[in-house]
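Taken in sequence, the protein lines are chains Z and R.
Under the numbering used here, the first residue of the first sequence is numbered 10, with each subsequent residue one higher.
Under the numbering used here, the first residue of the second sequence is numbered 68, with each subsequent residue one higher.
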Amino acid sequence: MPQVTLTVNGKTHTVEVEGRTLLVELLREKLRLTGTHVGCDTSQCGACVVHIDGNSVKSCTTLAVMADGASVTTIEGLAAADGTLHPMQEAFREYHALQCGFCTPGMVMSAVDLVAKNPQGLSEQEIREGLEGNLCRCTGYHNIVKAIAAAQDVMHGKRTSIAAAAE
Amino acid sequence: MNVVTPFEGIGASVRRKEDVRFLSGRGQYTDDINRPGQAHAWILRSQHAHARIQGIDTAAAAAMPGVVAIYTSADLAAIGGLPCGWQIHNKDGSPMAEPKHPVLAEGKVRHVGDPIAVVIAETRAQARDAAEAIIVDFEVLPAVSQTTAALAADAPRVHDDVAGNLCYDWHIGDKGAVDAAFAAAAHRVVFETTNQRLVPNAMEPRCAVGDYDTTTGEHTLFTTSQNPHVIRLLMGAFVLQIPEAKLRVVAPDVGGGFGSKIYHYAEEAIVTWAAAKLGRAVKWTADRTEAFMSDAHGRDHVTRAELALDKEGTFLGLRVLTHANMGAYLSTFAPCVPTYLYATLLAGVYSTPAIYAEVKAVFTHTVPVDAYRGAGRPEATYLLERLVDVAAKQCGFDRVKLRRRNFIATDAFPYQTPVALQYDSGDYFSTLDQALKTADWAGFEARRAEARMRGKLRGIGISTYLEACGIAPSAVVGSLGARAGLYEVGVIRVHPTGSVTVLTGAHSHGQGHETTFAQLVADKLGVPIANVDIVHGDTAKVPFGMGTYGSRSLAVGGSAMDKAMDKIIAKAKRIAAHLMEASVEDVEFERGTFRVAGTDKTKTLTDVSLAAYVPHNYPIDEIEPGLEETAFYDPKNFTYPGGCHIAEVEIEMETGRVSMVNFTAVDDVGRVINPMIVEGQVQGGVAQGIGQALLEACVYDQDGQLMSGSMMDYTMPRADDLAPVSVATHTTLCTHNPLGVKGCGEVGAIGSPPAVINAVVDALRDYGVEHIEMPATAPKIWSIIHGKSV
Chain Z
10 MPQVTLTVNG
20 KTHTVEVEGR
30 TLLVELLREK
40 LRLTGTHVGC
50 DTSQCGACVV
60 HIDGNSVKSC
70 TTLAVMADGA
80 SVTTIEGLAA
90 ADGTLHPMQE
100 AFREYHALQC
110 GFCTPGMVMS
120 AVDLVAKNPQ
130 GLSEQEIREG
140 LEGNLCRCTG
150 YHNIVKAIAA
160 AQDVMHGKRT
170 SIAAAAE
Chain R
68 MNVVTPFEGI
78 GASVRRKEDV
88 RFLSGRGQYT
98 DDINRPGQAH
108 AWILRSQHAH
118 ARIQGIDTAA
128 AAAMPGVVAI
138 YTSADLAAIG
148 GLPCGWQIHN
158 KDGSPMAEPK
168 HPVLAEGKVR
178 HVGDPIAVVI
188 AETRAQARDA
198 AEAIIVDFEV
208 LPAVSQTTAA
218 LAADAPRVHD
228 DVAGNLCYDW
238 HIGDKGAVDA
248 AFAAAAHRVV
258 FETTNQRLVP
268 NAMEPRCAVG
278 DYDTTTGEHT
288 LFTTSQNPHV
298 IRLLMGAFVL
308 QIPEAKLRVV
318 APDVGGGFGS
328 KIYHYAEEAI
338 VTWAAAKLGR
348 AVKWTADRTE
358 AFMSDAHGRD
368 HVTRAELALD
378 KEGTFLGLRV
388 LTHANMGAYL
398 STFAPCVPTY
408 LYATLLAGVY
418 STPAIYAEVK
428 AVFTHTVPVD
438 AYRGAGRPEA
448 TYLLERLVDV
458 AAKQCGFDRV
468 KLRRRNFIAT
478 DAFPYQTPVA
488 LQYDSGDYFS
498 TLDQALKTAD
508 WAGFEARRAE
518 ARMRGKLRGI
528 GISTYLEACG
538 IAPSAVVGSL
548 GARAGLYEVG
558 VIRVHPTGSV
568 TVLTGAHSHG
578 QGHETTFAQL
588 VADKLGVPIA
598 NVDIVHGDTA
608 KVPFGMGTYG
618 SRSLAVGGSA
628 MDKAMDKIIA
638 KAKRIAAHLM
648 EASVEDVEFE
658 RGTFRVAGTD
668 KTKTLTDVSL
678 AAYVPHNYPI
688 DEIEPGLEET
698 AFYDPKNFTY
708 PGGCHIAEVE
718 IEMETGRVSM
728 VNFTAVDDVG
738 RVINPMIVEG
748 QVQGGVAQGI
758 GQALLEACVY
768 DQDGQLMSGS
778 MMDYTMPRAD
788 DLAPVSVATH
798 TTLCTHNPLG
808 VKGCGEVGAI
818 GSPPAVINAV
828 VDALRDYGVE
838 HIEMPATAPK
848 IWSIIHGKSV
């Protein structure tokens with residue numbers, strides 16, 4: 010069986026996988042990082058989004074072997090080591106941008122990449138379009154859009170905290 | 068010390084306690100649970116809608132790598148079928164047809180997705196590989212998938228012993244009074260519509276893990292359920308014959324339900340049974356494709372309605388005939404959806420004096436249909452609110468004035484409808500007025516004209532709705548055919564140092580109970596929510612519960628908690644009286660402090676709880692130690708949330724695409740505990756309602772093949788399909804539960820679809836359109852605008 014060596018949330022792992030093993034299966038089943046979810050089988054829902062070398066990727070449509078040598082960040086690796094939430098996580102909490110929490114890890118990872126790739130800032134409509142690859146059945150998205158708008162201000166240094174952005 | 072600052076009680080938009088867990092990937096959903104030595108199950112499902120199984124050859128599959136066992140119905144001969152929890156009676160008093168719903172297909176498959184065999188292997192991939200190697204010899208039979216076609220004389224039978232595929236033929240109301248009303252009417256309006264089949268699509272696919280302790284004989288099932296105690300009851304008593312004491316059902320974090328995770332499903336029984344048979348844990352997790360063909364679907368009604376009005380527009384009578392599609396088998400609560408959750412709602416917010424409804428439920432070769440967010444009430448609301456708009460247009464009435472004219476008067480409560488329900492409270496005039504103002508209804512024509520300048524067709528639509536929540540008085544639903552009670556259970560455990568654990572039979576799968584329920588405790592007992600732990604979803608921890616659906620958690624489960632807190636306070640007052648050497652009648656309690664009335668003598672709840680658990684100075688002969696109370700709360704009536712939704716849309720003429728531009732919801736959900744969560748529930752419900760109105764449809768072809776069987780084929784609403792929703796509340800209190808609450812989980816999905824379709828029809832008013840069926844997709848609208856079919 011092929012061997013994959015990859016760094017996940019700063020820690021290096023070498024794992025034996027089948028050729029057909031998906032990255033999400035490696036994360037969930039081999040590394041027991043169950044924060045990354047699987048919500049569909051057609052690459053529509055985005056619950057499985059992680060970052061590979063800084064880019065958001067659907068880990069349900071990525072073979073584990075494709076991540077050989079890569080650096081992967083999952084939702085478990087987003088907060089600071091002391092547990093301080095990333096501004097995007099904080100914004101989701103502040104704006105009630107999650108209900109059942111199942112789409113949330115993928116939604117947050119997509120949102121972080123969307124904001125990071127758009128330092129010029131995003132309009133509400135651009136945020137909505139940027140969430141094309143992520144489904145949420147609970148919230149109706151409105152609070153997610155508000156949370157991302159608030160988080161981008163903090164991530165781009167325009168506000169000091171989510172609380173400040175909320176005011 | 069228990070000090071509540073800032074205010075965390077009733078009415079505070081407290082941020083959710085559960086969020087940090089979910090935001091850091093530390094939620095624990097069923098598929099995140101792995102048991103030592105666990106094997107994996109894959110279910111082989113039918114690709115045919117209707118076929119006779121001539122034989123199943125598992126030999127090649129059994130020899131494949133990692134295969135532990137393969138089971139078919141022959142192996143399950145000793146276990147029962149999946150039970151139905153509600154029995155409807157026909158017009159003649161005879162019971163509905165209730166054919167067996169086998170766990171694995173027996174002799175025939177009756178819908179695409181019907182489970183045939185289960186393969187258990189060391190890995191999921193091995194189980195799946197082996198399932199593909201099972202050879203089933205099918206004799207494919209003709210199938211029927213469409214609701215009305217099922218009753219045709221020559222329609223293929225779904226069950227050999229159910230003539231005409233008729234599950235039941237039921238009615239409610241006074242036919243004679245309605246006939247008389249129509250005879251006297253100045254206007255008679257006919258409206259026919261289909262409320263299309265939907266797929267709930269909670270983001271978390273269903274999952275079940277069975278485990279078995281060979282030393283104690285105890286079974287454990289971890290499952291994606293909205294009501295673990297109900298699953299324990301149904302599966303234990305009817306399917307596997309396992310006594311409650313030997314069967315633990317755990318529903319951990321659950322990723323959305325919307326009704327689809329209420330029901331007892333075959334896979335739960337399969338993994339529980341197989342784990343005991345094999346002496347090792349067995350896990351099954353659905354693919355989304357599997358979910359499409361095995362999760363209970365929603366809606367699927369075909370209806371003809373007639374409204375009689377006098378010449379001023381007063382409603383005189385309503386006559387309804389609905390055909391409801393049950394699918395191939397009866398899911399757990401399916402029969403009550405088109406009857407007691409639908410036809411009883413046909414008065415809506417109107418004082419229509421005479422109503423008669425007939426409902427014919429039919430079997431077809433499709434996935435079973437059951438309650439989906441709103442369950443019957445969206446179908447009733449859609450029918451009424453479209454019918455009122457059609458009547459207004461046909462008879463020349465203003466659609467707002469026509470509604471207002473027929474509203475139940477605000478001083479008419481309690482109001483007895485002609486279809487069984489008695490509404491306790493409501494104020495439809497205020498929610499209407501507030502919504503009209505917020506949406507700037509009066510200024511709409513200017514916006515329409517402005518949009519026309521941009522080449523867009525703009526329309527506005529209204530829906531004034533009512534629903535029934537908080538199901539329900541057990542004796543009443545029992546008399547209507549429910550095979551269960553519908554109370555709820557709450558345990559309040561005050562620990563020695565004054566922190567509180569709440570055990571509740573309600574289940575949270577997105578609703579934020581860990582926060583809202585803690586707020587109830589903060590408000591009444593004065594304990595900060597950080598010191599309140601809400602435990603739910605485990606039959607080994609919570610005494611009993613009927614679970615979460617029908618917006619019942621707060622109205623019924625919250626009321627049980629409130630009742631248990633009353634008992635805590637009553638006992639604690641006696642202890643406090645002893646500690647303060649006062650008479651119990653003189654002890655007052657408010658938010659954490661006991662006081663001897665008129666004095667400065669006080670004790671905190673913590674003083675009392677410590678005394679209760681360390682009873683040194685304690686009236687031990689009169690009061691038992693400890694501070695824990697249990698309450699079962701059985702509601703006296705349903706609750707009746709209502710309100711007004713206004714949708715504003717723009718249609719792009721070149722493509723027919725509908726854009727939501729404004730949506731206003733003013734809802735009366737009774738007392739609001741956490742406004743932030745209520746707003747979130749309404750927004751989410753409205754999104755599902757807009758999804759039904761504009762995007763979603765579960766489509767079967769004539770042969771019963773599922774055409775919309777994946778998220779590539781079934782249109783889920785995305786962020787850019789929706790617009791901001793303005794949410795406000797106008798409160799009248801529920802008069803019969805201690806919290807005055809009504810429920811907010813379903814109002815969004817109930818009120819919104821007709822508002823959206825009314826807006827689309829309004830936008831198309833220059834094209835002679837009287838009605839457009841849901842979903843109002845771009846091709847349908849393009850065809851209307853351009854006078855061509857696509």
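Note that CB positions come from ideal geometry on N, CA and C, so glycine has one too.
No experiment lies behind these values; they were computed from the predicted model shown.
Residue contact check for proline 742 of chain R against chain Z: no CB pair falls below 7 Å. A contact between stretches requires three or more CB pairs, one per stretch, nearer than 8 Å, and the region 528-536 of chain R fails this requirement with the region 594-601 of chain R. Within the region 56-74 of chain Z, Ala56 place their CB atoms closer than 7 Å to a CB of chain R, listed in sequence order. Across the set R:Thr660, R:Glu285 and R:Ile337, the C-alpha of R:Glu285 shows the shortest separation from the C-alpha of arginine 315 of chain R. Here serine 492 of chain R is buried, its C-beta having at least 16 other C-beta atoms within 10 Å. Sequence-distant Cβ neighbours of arginine 191 of chain R in its own chain, meaning closer than 6 Å and more than five residues away, are His107. Inter-residue distance for tyrosine 554 of chain R and glutamate 75 of chain R is about 27 Å (C-alpha atoms, whole angstroms). Only residues of its own chain outside the window of five on either side were considered, and among them Tyr150 and Val154 have a CB closer than 8 Å to the CB of arginine 137 of chain Z, listed in chain order. For alanine 428 of chain R, the enclosing beta strand (DSSP E) stretches over residues 421-430.
For glutamate 715 of chain R, the number of other beta carbons within 10 angstroms of its own is at least 16, and it is reported as buried.
By the Cβ-count criterion, glutamine 769 of chain R is exposed, with fewer than 16 other Cβ atoms from all chains shown falling within 10 Å of its own Cβ.
A Cβ-Cβ distance of about 14 Å is found for the pair serine 113 of chain R and isoleucine 202 of chain R, leaving them out of contact under the 8 Å criterion. With a threshold of 16 other beta carbon atoms within 10 Å, tyrosine 330 of chain R meets it and is buried.
In the pairwise beta carbon analysis, the region 80-93 of chain Z is classified as not touching the region 720-728 of chain R: fewer than three pairs are separated by under 8 Å. Under the DSSP assignment, alanine 678 of chain R falls in the alpha helix (DSSP H) whose first and last residues are 672-680. For serine 80 of chain Z, there is no enclosing alpha helix (DSSP H); the residue is part of the beta strand (DSSP E) that begins and ends at 80-82. Looking at the DSSP output, leucine 773 of chain R shares a beta bridge with R:Tyr767. For glycine 149 of chain Z, at least one C-beta of chain R is nearer than 7 Å to its own C-beta. Its Cα nearest to that of valine 455 of chain R, the residue R:Glu837 stands out among R:Ala845, R:His853 and R:Glu837. Along the region 776-796 of chain R, the positions whose C-beta sits under 7 Å from a C-beta of chain Z are Ser777, Met778, Met779, Met783, Arg785, Ala786, Asp787, Leu789, Pro791 and Val792, read in chain order. At a cut-off of 7 Å, the C-beta of alanine 447 of chain R has no neighbouring C-beta in chain Z. Under the three-state reduction of DSSP output, arginine 119 of chain R falls in the strand class. Here arginine 29 of chain Z is exposed, its C-beta having fewer than 16 other C-beta atoms within 10 Å.
With a threshold of 7 Å between beta carbons, threonine 51 of chain Z makes contact with chain R. Linking serine 819 of chain R to glycine 104 of chain R through their CA atoms gives a straight-line distance of about 48 Å. Using a Cβ-Cβ distance cut-off of 8 Å, the region 436-444 of chain R and the region 115-125 of chain R are not in contact, since fewer than three pairs of beta carbons, one from each stretch, lie closer than that value. Residue pairing by DSSP puts tyrosine 138 of chain R in a beta bridge opposite R:Val185.
Nearest to aspartate 688 of chain R by C-alpha distance, out of R:Ile642, R:Phe656 and R:Pro702, is R:Ile642.
Within the DSSP bridge table, the entry for methionine 727 of chain R names R:Val716 as partners.
With a contact defined as Cβ atoms closer than 8 Å, threonine 45 of chain Z and serine 65 of chain Z miss out at about 12 Å. Using a Cβ-Cβ cut-off of 7 Å, serine 91 of chain R counts as an interface residue toward chain Z, since at least one Cβ of chain Z sits closer than that to its own. In the structure shown, proline 162 of chain R falls within a strand segment according to DSSP collapsed to helix, strand and coil.
Shown here, glutamate 334 of chain R sits in a helix according to DSSP, grouped into three states. Residue-level contact check: threonine 93 of chain Z does not touch chain R, since none of the beta carbons of chain R fall below 7 Å from its beta carbon. For histidine 22 of chain Z, the three-state secondary structure derived from DSSP is strand. Here DSSP, grouped into helix, strand and coil, assigns tyrosine 396 of chain R to coil.
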